[in-house]
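There are 2 protein chains.
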Amino acid sequence: MHHTYSSKLLEEAVEEFATLPGIGRKTALRLVLHLLKQEDRDVEHFGNTILRMKKEIMTCKECHNISDTEVCHICKDPYRDKKTICVVESIRDVMSVENTQQFMGVYHVLGGIISPMDGVGPADLTIESLEEKAKNGQCTEVILALSTTMEGDTTNFYIYRRLKDYPVTVSTLARGVAIGDDLEYADEVTLGRSILNRTSFEETFKHSKHGT
Amino acid sequence: MHHTYSSKLLEEAVEEFATLPGIGRKTALRLVLHLLKQEDRDVEHFGNTILRMKKEIMTCKECHNISDTEVCHICKDPYRDKKTICVVESIRDVMSVENTQQFMGVYHVLGGIISPMDGVGPADLTIESLEEKAKNGQCTEVILALSTTMEGDTTNFYIYRRLKDYPVTVSTLARGVAIGDDLEYADEVTLGRSILNRTSFEETFKHSKHGT
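Listed in order, the protein sequences are those of chains F and Z. Residues 3 to 214, numbered by the numbering used here, are exactly what the first sequence covers, in order. Residues 3 to 214, numbered by the numbering used here, are exactly what the second sequence covers, in order.
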């Protein structure tokens, strides 16, 4: 629907918001009108936060996670095991794994996943610098924590081939029925694989005694 | 869900976006990560547009619509009939009526609707300045284009009572707009037609006595 804006400034602000993913022009208008009703200093803070964020946020030169400093606080943390590297697709996945509070190693953010359909090849990802870490003996284990999709599998295999001649263990996330899920809702592929890759009960029981 | 942010700047930006209506923390994160991936100058433009909009947008001193100038371009337009005033709740409704391209008069933005539940009384709206226009003989017809809700009806009656002793015709939108609908969701054809077929306020009142 076309809107006749009574203000060029309003129209521009709506157009800007409408460039955001999942935000149509109607939602954009609602957001902008909301901002117009707020206090001057609140809106100033909003605008300035966006400007500062883009200008000042860096990429950690160790793990490629976003950071306010040259090396991120995870890589800097003396209590974290630098020998165990969890490879993830994006900074959002770092957050997801951190939320589990189960992982005390460090990360390596690929910046994407190999996807010929989207024109993303290995050279577009940070695989080179991951191989470097393996070559330098900087790590002993690489955990591939990528999406369990075809693209994720492709990327897993590609990375595995690049790393297999170095003295590192390459592992992937356990695949199986999600905890708390009813069996009847698990898809057949997942269920099938989790039967094939069944683990010893004592092994599972041992973990859960130490875990939550 | 709690997120462990690797960057204070990122967290602040997410918090800002999450203050917007209908935007949760998860969506806010998606929007911020999207902005992070854009070109520096595009994000700068985004931030600066918000800052400029809030600083520079004015309220038209004639009709209370938002405007880039003291008097908005509708009120300034020599081809528009200043004697016919369409009273709407919000600037969004001005846009809706403008979109129909059926109305060549001017507007009066109330800035809300009488709603005791929300603590909005007549004094919170721009009814005083509307009455002034009727008193000064500035207009000959006032079209009440409010939502066809209970609050809209209450406001209609209130304004009608304030204006009825002045030499103005008070009309309301033809009931082409489905009763109970907000104006902004009305389709353009229905809305356009209901402006063309507007009825005298007394006429509508007579009908509603017989039951709607």
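Where a beta carbon is used, it is the ideal one built from N, C-alpha and C, also for glycine.
Query	Result
Quick one: what does DSSP say M60 (chain F) is sitting in, helix, strand or coil?	strand
Once the 5 residues before and after V96 (chain F) are set aside, which same chain residues still bring their CB inside 7 Å of it?	N67, V90, Y109 and V111
Locate the alpha helix (DSSP H) running through I116 (chain F), then write down its first and last residues.	No alpha helix (DSSP H) holds I116 (chain F); DSSP gives it neither H nor E.
Just to make sure I have the definition right: I need the residues of chain Z whose C-beta is within less than 8 Å of the C-beta of P23 (chain F). Which are they?	R32, L33 and H36
Between which residues of its own chain and D126 (chain F) is the CB-CB distance below 8 Å, once the five residues before and five after are set aside?	G113 and G114
Can you give the Cα-Cα distance for I76 (chain F) and C65 (chain F), rounded to whole angstroms?	9 Å
What's the C-alpha gap between L38 (chain Z) and H47 (chain F)?	18 Å
At 8 Å on the CB atoms, spell out the chain F contacts of N67 (chain Z), in chain order.	S8
What residue does the beta strand (DSSP E) around V122 (chain F) start on, and which one ends it?	Per DSSP, V122 (chain F) belongs to no beta strand (DSSP E) and is neither H nor E.
Considering only their Cβ atoms, is the gap separating T174 (chain F) from A147 (chain F) smaller than 9 Å?	yes
Rounded to a whole number of angstroms, what is the C-alpha to C-alpha distance between L198 (chain Z) and I93 (chain F)?	56 Å
Who are the neighbours of H75 (chain Z) on chain F, taking C-beta pairs under 8 Å?	S8
Roughly how far, in whole angstroms, is the beta-carbon of T192 (chain F) from the beta-carbon of G178 (chain F), given that I think they are within contact range, below 8 Å?	7 Å
Answer with yes or no whether the minimum CB distance from I52 (chain Z) to chain F is below 9 Å.	yes
Give the residues from the segment 121–141 of chain Z that approach chain F closer than 8 Å (Cβ to any Cβ), ordered along the chain.	none
Tell me the DSSP secondary structure of E143 (chain F) in three-state form.	strand
Starting from K166 (chain Z), follow the alpha helix (DSSP H) in both directions and report where the run begins and ends.	Element bounds for K166 (chain Z): n/a, residue is neither H nor E.
Taking the C-alpha atoms as reference points, what is the distance between E143 (chain F) and G123 (chain F)?	24 Å
Counting only beta-carbon separations shorter than 9 Å, does L112 (chain F) have a partner in chain Z?	no
Put T171 (chain F) into one of helix, strand or coil per three-state DSSP.	strand
Taking DSSP's pairing of strands, which residues face V90 (chain F) in a bridge?	F:V111
Relative to the ligand MN, is the shortest distance from any of its heavy atoms to the C-beta of T192 (chain F) smaller than 8 Å?	For the structure depicted, the ligand MN is absent and the ligand set is empty, with no information on it obtainable.
At a CB-CB cut-off below 8 Å, which residues of chain Z make contact with A15 (chain F)?	T51, I52 and M55
Using a Cβ cut-off of 9 Å, which residues of the segment 76–101 of chain F contact any Cβ in chain Z, in chain order?	I76, S92, I93, R94, V96, M97, S98, E100 and N101
With a threshold of 9 Å between beta carbons, is D167 (chain Z) in contact with chain F?	no
Any idea if F105 (chain Z) is buried or exposed, counting beta-carbon neighbours within 10 angstroms, 16 or more meaning buried?	buried
Express the C-alpha separation of T51 (chain Z) and E14 (chain F) in angstroms, rounding to a whole number.	7 Å
Can you check whether the C-beta of E46 (chain F) is within less than 9 Å of a C-beta belonging to chain Z?	yes
Run down chain F in chain order and give the residues with a C-beta less than 8 Å from the C-beta of I59 (chain Z).	S9, L11, L12 and L38
Report, in whole angstroms, the separation of the C-beta atoms of R54 (chain F) and L11 (chain Z), which I expect to be a contact under 8 Å.	6 Å
Where T21 (chain Z) and E130 (chain Z) are concerned, what is the direct C-alpha to C-alpha distance, given to the nearest angstrom?	33 Å
Would you mind sorting K166 (chain Z) into buried or exposed? The rule is 16 or more other CB atoms within 10 Å of its CB.	exposed
For E64 (chain F) and chain Z, any beta-carbon pair shorter than 9 Å?	no
What residues of chain Z sit near A42 (chain F), judged by a beta carbon separation below 8 Å?	First, the amino acid is wrong: residue 42 (chain F) is Asp here, not Ala. By Cβ distance, chain Z contributes K56 and K57.
Can you check whether the C-beta of E72 (chain F) is within less than 9 Å of a C-beta belonging to chain Z?	no
Can you say whether Y81 (chain F) is buried or exposed, counting buried as having 16 or more other CB atoms within 10 angstroms of its CB?	exposed
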